Amino acid sequence: MEGSHRENTWLRRQVPLLLLLSLFCKTATEQIRYSIPEEIEKGSIVGNLAKDLGLNTGGIAVRNLHVLSVGKKQYFTVSAQNGNLYVNERIDREGICGKAVLCLINFEVMVENPMNIFHVTVAIQDINDNTPRFLNEDIRLEPSESTLSGAKFVLGYAEDPDVGINSLQNYMLMPNQYFTLETREREDGNKYAELVLNKQLDRESESSFHLTLHAEDGGKPARTGTAKIWINVIDANDNTPAFAQEMYKVSLKENAPQGSSVVQVKASDRDEGSNGQISYSFSSITESARKMFLLDPQNGTVTVIETLDFEETDAYTMTVEAKDGGGLVAHCNVEIKISDENDNAPDIILVSLSSPIPEDSASGVLIAVVHVNDRDFGENGKVTCQLQNGLPFKIISTSNSYYKLISAGILDRENTAEYNITITATDKGTPSLSTQKTITLKISDVNDNPPTFEKPSYTAYVQENNPSGVSIFSIKASDLDQDHNSKISYSILNSNIKELPISSYISINSETGIIYAQRSMDYEQFRDFEVQVKAQDGGSPALSNNVTVKVFIVDQNDNSPQILYPSKGTEGSALFEMIPRSAEADYLVTKVVAVDADSGHNAWLSYHLLQATEPGLFTIGHHTGEIRTSRTFLERDVVKQRLIVLVKDNGHPSLSATVTLNLVFAENFQEALPEMKNQSGIPDDQSDLQFYLVLALALISFLFLLTVILAILMKLRQSGNPRFLPCFAPVPSKTGAIFPPNYEEGTLPYSYQVCLSSESRKNELTFLTPNVQIADIVLRGDKSGVPFIGNEGDTLNTEVEHDDQQAQPVNTDWRFSQAQRPGTSGSQNGDENGTWGRNSQVEIRNAFKP
20 MEGSHRENTW LRRQVPLLLL LSLFCKTATE QIRYSIPEEI EKGSIVGNLA KDLGLNTGGI
80 AVRNLHVLSV GKKQYFTVSA QNGNLYVNER IDREGICGKA VLCLINFEVM VENPMNIFHV
140 TVAIQDINDN TPRFLNEDIR LEPSESTLSG AKFVLGYAED PDVGINSLQN YMLMPNQYFT
200 LETREREDGN KYAELVLNKQ LDRESESSFH LTLHAEDGGK PARTGTAKIW INVIDANDNT
260 PAFAQEMYKV SLKENAPQGS SVVQVKASDR DEGSNGQISY SFSSITESAR KMFLLDPQNG
320 TVTVIETLDF EETDAYTMTV EAKDGGGLVA HCNVEIKISD ENDNAPDIIL VSLSSPIPED
380 SASGVLIAVV HVNDRDFGEN GKVTCQLQNG LPFKIISTSN SYYKLISAGI LDRENTAEYN
440 ITITATDKGT PSLSTQKTIT LKISDVNDNP PTFEKPSYTA YVQENNPSGV SIFSIKASDL
500 DQDHNSKISY SILNSNIKEL PISSYISINS ETGIIYAQRS MDYEQFRDFE VQVKAQDGGS
560 PALSNNVTVK VFIVDQNDNS PQILYPSKGT EGSALFEMIP RSAEADYLVT KVVAVDADSG
620 HNAWLSYHLL QATEPGLFTI GHHTGEIRTS RTFLERDVVK QRLIVLVKDN GHPSLSATVT
680 LNLVFAENFQ EALPEMKNQS GIPDDQSDLQ FYLVLALALI SFLFLLTVIL AILMKLRQSG
740 NPRFLPCFAP VPSKTGAIFP PNYEEGTLPY SYQVCLSSES RKNELTFLTP NVQIADIVLR
800 GDKSGVPFIG NEGDTLNTEV EHDDQQAQPV NTDWRFSQAQ RPGTSGSQNG DENGTWGRNS
860 QVEIRNAFKP
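Residues in the sequence shown are numbered from 20 upward in steps of one, following this note's numbering.
Right, here's the structure in full:
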């Protein structure tokens, strides 16, 4: 009954707001009204709400038409199939609205896509479903026999929760000769009955009466309640108590403490003795009021015994009876109005919530709908809502205490993945009360961040000769997005290697970013290369980023030194360097030049004399490779010296190469020639191969020369010019040899020809044009030939026999300068940086065999 009364009070406060609904509503487009009788069956159709709202029946399910539930009971529900509004709970008008004539149930319905809220009012019609009921069904009266005719006795009233014609209409009393019945109405509209004495009582003739009182409503059919009246006639007490006021009206704050005095009623009696002693009691009081107030029977003081609540009951009415010792009574009414205090904080009810929402949501997106209610009245019940500062959201009032929470800024999941939005509802009471409700909103990820690498570029190092398939580097990219949007795959786009596809060199694991070598790397083939690595996330559309990975091949000592000079002679020949006997100490003999395909420390070369015929005669530069005399040549020294030079690098372990040098101490070529001829022959296992190679070379040369001679002869015959090739013409000299113009000066040019006369029979000497490296001297007329790679500073003597006589050299003193010697061409006095010439070797073919 108390819960019904609270709900009744709340609905009564909401009724005036409905009249202003159309002025304050921002979301709803119209208000729908229906009228149904109370106690209608559950599931009964109230009306077709979708049709009345102008909604398309086919789109109801999509737009999610539903009743917003903010109260304890949801009396109605909407069908998502046909849009009908159905009764969902038993509707008891008396329990909802109490004695209010106009009983309205207000609620809101909501549609989505787009969101809209409609206000629906259902008027509940009263039916005669309640029988009048007396609060006191056994009424006992003790009138004195001296009570005069016309005396009135209040019989109380019957309660009928129905309203209008269905409420209590009349009281009826069974016929009797002493009493009649009068029906009266109080200020609050309740009707009560008074028993009027028509004929003076006589206790001796009739001491007691038993009457029946009927209370009848106006329903069809009418309902009737009864009460029993027991009348006991007592002896005469001719003065009845009298109250100072017929109505006591009191205003009491709802926060009045327990035990506080409310009002004191006062009645007086002119009788003496027991007939003048008055006691007070409640003759008519509701059950709820009886729990709240206590009446002192001696002094008539009404006190508070429980905590009052304006929101449950805002007024109490009760009847106080004053009774003297003789049995005479008097009555007065006490009306207590409860004034509201701001003792209720606002209630915040979350109606709907959209969570999570995408981080790229625009401003104005609806996030939540909340309903705010304050049970207090007037200013105490007015509420304002606000959010804490710094959040990209705002709250907007819609209508009838509904608020919308919408986005109002840029959302970024990577900065804030979840918001705890605190809504503070504050009333306007004094002091104001507030309530906070926190809504957790999750932000869902969208693919708005490309993968990022830790560095703008990466450098990887891999040892050459690495095994195929080895991991050489690991690259890592990160993505601020979430789940599938942050799943990164790696791939190689391109490289600066043009010879082969990059896939033949390296590969990358698409999931881990580990880079593998697909083949063994060779530092000497290429030393570094660049690749573009792409990192792509799994979003749609996918985002990507590229980074450059520079791969450097780290050198290993896998190449032995290569000796460039002196170069090893052709098979069947020996390498010689000629040194003047008059050479001083520190004379630059030659220079060993070597290179190493490796780099860094692995290519640092050092030169060592591994073996020498005269160990103390020569020294070699440890870093330059220059071979110099350590002293002058002595007569006891061997003319032909053999040196073995070791060249090794600085790797770990170091690699090396050796070269053998044959040195001859002689002032001129004729003096050195015997020593050269005594050079040991070619090993047997190579002689046959060299023989065939020389034979093939000679045959090709012969055919070439024969072709040239035939071509020249044909030209001569055709032209008839005897002066062509003057070297074949008769010459005045005895030998018939024609030498270059500068021959007399002692210096032979780099390329020259020596032509012999036709009279020469036994020995013919021909100088051919040399290539970049060597100049071949072919001595014809003898079975042996000596190829010669001469030092630019050596003396060249050529013997030509004519008429069995040995011809002397035209000039025996044509020597090359020190700067023109092999090994340091262009360098003076052992300059380590001198440029070496290609024709600085002497290759002597051992053709002079006895």
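Here a beta-carbon is modelled for each residue, glycine too, at the ideal position from N, C-alpha and C.
Nothing here was measured: the structure is a model prediction, and the numbers come from that model.
With distances taken from CA atoms, which of Thr609, Leu735 and Leu725 is nearest Thr679?
As a working mapping, residue 679 is identified with position 660 in the sequence shown. Comparing Cα-Cα distances from Thr679 to each of Thr609, Leu735 and Leu725, the minimum goes to Thr609.
Exposed or buried, Phe710, counting other C-beta atoms within 10 Å across all chains shown (16 or more means buried)?
By one-based count along the sequence shown, residue 710 stands at place 691. Classification of Phe710: exposed, given that the 10 Å Cβ count is below 16.
Go ahead and label Gln660 buried or exposed: buried means 16 or more other beta carbons lie within 10 angstroms of its beta carbon, across all protein chains shown.
As a working note, residue 660 is residue 641 in the sequence shown. So Gln660 counts as buried.
When you compare only the Cα positions, how much space is there between Lys667 and Asp547?
Against the sequence shown, residue 667 aligns to sequence position 648. Against the sequence shown, residue 547 aligns to sequence position 528. Each residue's Cα considered, the two are about 26 Å apart.
Using CA coordinates, which residue listed in Thr76, His671 and Tyr584 is at the minimum distance from Gly619?
In the sequence shown, counting from the first residue as 1, residue 619 sits at position 600. Among Thr76, His671 and Tyr584, the Cα nearest to that of Gly619 belongs to His671.
Cβ of Val339 within 8 Å of Cβ of Val281?
In the sequence shown, the residue the question calls residue 339 occupies position 320. In the sequence shown, the residue the question calls residue 281 occupies position 262. Result no, Cβ atoms of Val339 and Val281 do not sit closer than 8 Å.
In or out: Phe329 buried (at least 16 other Cβ within 10 Å) or exposed?
Residue mapping note: residue 329 aligns to position 310 of the sequence shown, counting from 1. Under this definition Phe329 is a buried residue.
If we ignore side chains and look at the alpha-carbon of each, how far apart do Asp605 and Val611 end up?
Translated into positions along the sequence shown, residue 605 becomes position 586. Translated into positions along the sequence shown, residue 611 becomes position 592. Their Cα atoms are separated by approximately 16 Å.
Under 8 Å, do Ile527 and Ser539 count as touching if we go by C-beta distance?
What you label residue 527 is simply residue 508 of the sequence shown in a count that begins at 1. What you label residue 539 is simply residue 520 of the sequence shown in a count that begins at 1. It is not a contact, given that the beta carbons lie outside the stated cut-off.
Taking the alpha-carbon positions, what's the Thr320 to Val389 distance?
Translated into positions along the sequence shown, residue 320 becomes position 301. Translated into positions along the sequence shown, residue 389 becomes position 370. Between Thr320 and Val389, the C-alpha separation is close to 47 Å.
Should Gln407 be labelled buried (16 or more other beta-carbon atoms within 10 Å of its own) or exposed?
Against the sequence shown, residue 407 aligns to sequence position 388. Exposed is the call here.
Alpha carbon to alpha carbon, how far is Arg655 from Tyr542?
As a first step, residue 655 is located in the sequence shown; it is residue number 636 there, counting from the start. As a first step, residue 542 is located in the sequence shown; it is residue number 523 there, counting from the start. Looking at the two C-alpha atoms, the distance is approximately 51 Å.
Just to confirm my understanding: we take Gln219, look at its own chain, exclude 5 residues before and 5 after, and list those with CB closer than 6 Å. What are they?
Translated into the one-based positions of the sequence shown, residue 219 becomes position 200. Ser168, listed in sequence order.
Determine the closest residue to Ile115 out of Pro133, Tyr94 and Gly102, with distance taken between C-alpha atoms.
Mapped onto the sequence shown, residue 115 falls at position 96. Minimum Cα distance to Ile115 is reached at Tyr94.
For the alpha helix (DSSP H) that Ile116 lies in, which residues bound it at each end?
Within the sequence shown, residue 116 is the residue found at index 97, counting from 1. Reading off the sequence, residue 116 comes out as Cys, not Ile. Arg112 to Cys116 is the extent of the alpha helix (DSSP H) around Cys116.
Quick one: measure Cβ to Cβ for Val106 and Ile59, integer angstroms, because I've assumed they're closer than 8 Å.
Along the sequence shown, read from residue 1 onward, the residue named residue 106 stands at position 87. Along the sequence shown, read from residue 1 onward, the residue named residue 59 stands at position 40. Contact holds; Cβ gap of about 6 Å.
Could you check if Ile458 is buried or exposed, using at least 16 other CB atoms within 10 Å of its CB as the buried criterion?
Position 439 of the sequence shown, counted from the first residue, corresponds to residue 458. The residue is buried, with at least 16 neighbouring Cβ atoms inside 10 Å.
Residues in its own chain within less than 6 Å of Lys569 by CB, not counting five upstream and five downstream?
Within the sequence shown, the letter at position 550 stands for residue 569. The answer, listed in chain order, is Thr478 and Glu549.
I'd like the list of long-range same chain contacts for His503, defined as Cβ closer than 6 Å, with 5 residues on each side in sequence excluded.
Counted from its first residue, the sequence shown places residue 503 at position 484. The residues are Gly557.
Taking the C-alpha atoms as reference points, what is the distance between Ile521 and Ile534?
Reading the sequence shown from its first residue, position 502 is the one you call residue 521. Reading the sequence shown from its first residue, position 515 is the one you call residue 534. The straight-line gap from Cα to Cα measures roughly 12 Å.
Would you kindly work out how many angstroms separate the C-alpha atoms of Tyr335 and Ile355, rounded to a whole number?
By one-based count along the sequence shown, residue 335 stands at place 316. By one-based count along the sequence shown, residue 355 stands at place 336. Spanning the two alpha carbons is a distance of roughly 5 Å.
By the DSSP assignment, the alpha helix (DSSP H) with Ala427 in it spans what residues?
As a working note, residue 427 is residue 408 in the sequence shown. Counting along the chain, Ala427 falls outside any alpha helix (DSSP H), and DSSP gives it neither H nor E.
Please determine, among Leu174, Leu327 and Asp362, the residue with the shortest C-alpha to C-alpha distance to Leu230.
Working through the sequence shown from its first residue, we reach residue 230 at position 211. Among Leu174, Leu327 and Asp362, the Cα nearest to that of Leu230 belongs to Leu174.
Confirm, please, whether the CB-CB distance from Pro365 to Thr449 is below 8 Å.
Along the sequence shown, one-based indexing puts residue 449 at 430. Along the sequence shown, one-based indexing puts residue 365 at 346. No, Cβ-Cβ distance for Thr449 and Pro365 is not below 8 Å.
What does the Cβ neighbour count give for Tyr480, buried or exposed, with the cut at 16 atoms within 10 Å?
Translated into positions along the sequence shown, residue 480 becomes position 461. So Tyr480 ends up on the exposed side.
By DSSP's criteria, Asn132 is part of a beta bridge. Which residues make up the other side?
As a working mapping, residue 132 is identified with position 113 in the sequence shown. DSSP, once it has assigned bridges, lists no residue as partnering Asn132.
To the nearest angstrom, report how far apart Val65 and His85 are at their CA atoms.
To locate residue 65, count along the sequence shown from 1; it is residue 46. To locate residue 85, count along the sequence shown from 1; it is residue 66. For Val65 and His85, the distance between alpha carbons rounds to 15 Å.
Would you kindly check if the distance between the Cβ of Lys342 and the Cβ of Asp304 is under 8 Å?
What you label residue 304 is simply residue 285 of the sequence shown in a count that begins at 1. What you label residue 342 is simply residue 323 of the sequence shown in a count that begins at 1. It should be noted that the sequence gives Ile, not Asp, for residue 304. Contact flag unset, no.
Among all the DSSP beta bridges, which residues are the ones paired with Arg647?
The residue given as residue 647 occupies position 628 in the sequence shown. Per DSSP, Leu607 and Thr638.
Tell me where the alpha helix (DSSP H) around Ser98 begins and ends.
Within the sequence shown, residue 98 is the residue found at index 79, counting from 1. Here Ser98 belongs to no alpha helix (DSSP H), and DSSP marks it neither H nor E.
Can you tell which of Ile250, Leu372, Gln283 and Ser279 has the C-alpha that lies nearest to the C-alpha of Phe262?
Your numbering for residue 262 matches position 243 in the sequence shown. Comparing Cα-Cα distances from Phe262 to each of Ile250, Leu372, Gln283 and Ser279, the minimum goes to Gln283.
Who are the near neighbours of Glu763 in its chain, counting only those whose CB is closer than 6 Å to its CB and skipping five residues on each side?
Mapped onto the sequence shown, residue 763 falls at position 744. Here the model assigns Glu763 a pLDDT of 38, short of 50, so the residue's position is not dependable and the matter cannot be decided.
Report yes if the CB atom of Trp249 is closer than 8 Å to the CB atom of Arg159, and no otherwise.
For this step, residue 249 is matched to residue 230 along the sequence shown. For this step, residue 159 is matched to residue 140 along the sequence shown. Yes.
Are the beta-carbon atoms belonging to Ala234 and Ala177 less than 8 Å from one another?
To locate residue 234, count along the sequence shown from 1; it is residue 215. To locate residue 177, count along the sequence shown from 1; it is residue 158. Contact: yes.
Pro470 and Ser563 look like a contact to me (Cβ under 8 Å); what is the Cβ gap, rounded to whole Å?
Counted from its first residue, the sequence shown places residue 470 at position 451. Counted from its first residue, the sequence shown places residue 563 at position 544. About 7 Å separates the two Cβ atoms, so the contact holds.
I think Ser426 touches Val384, with their Cβ atoms under 8 Å apart; what is that distance to the nearest whole Å?
Against the sequence shown, residue 426 aligns to sequence position 407. Against the sequence shown, residue 384 aligns to sequence position 365. At roughly 5 Å, the Cβ-Cβ gap stays under 8 Å, so Ser426 and Val384 are in contact.
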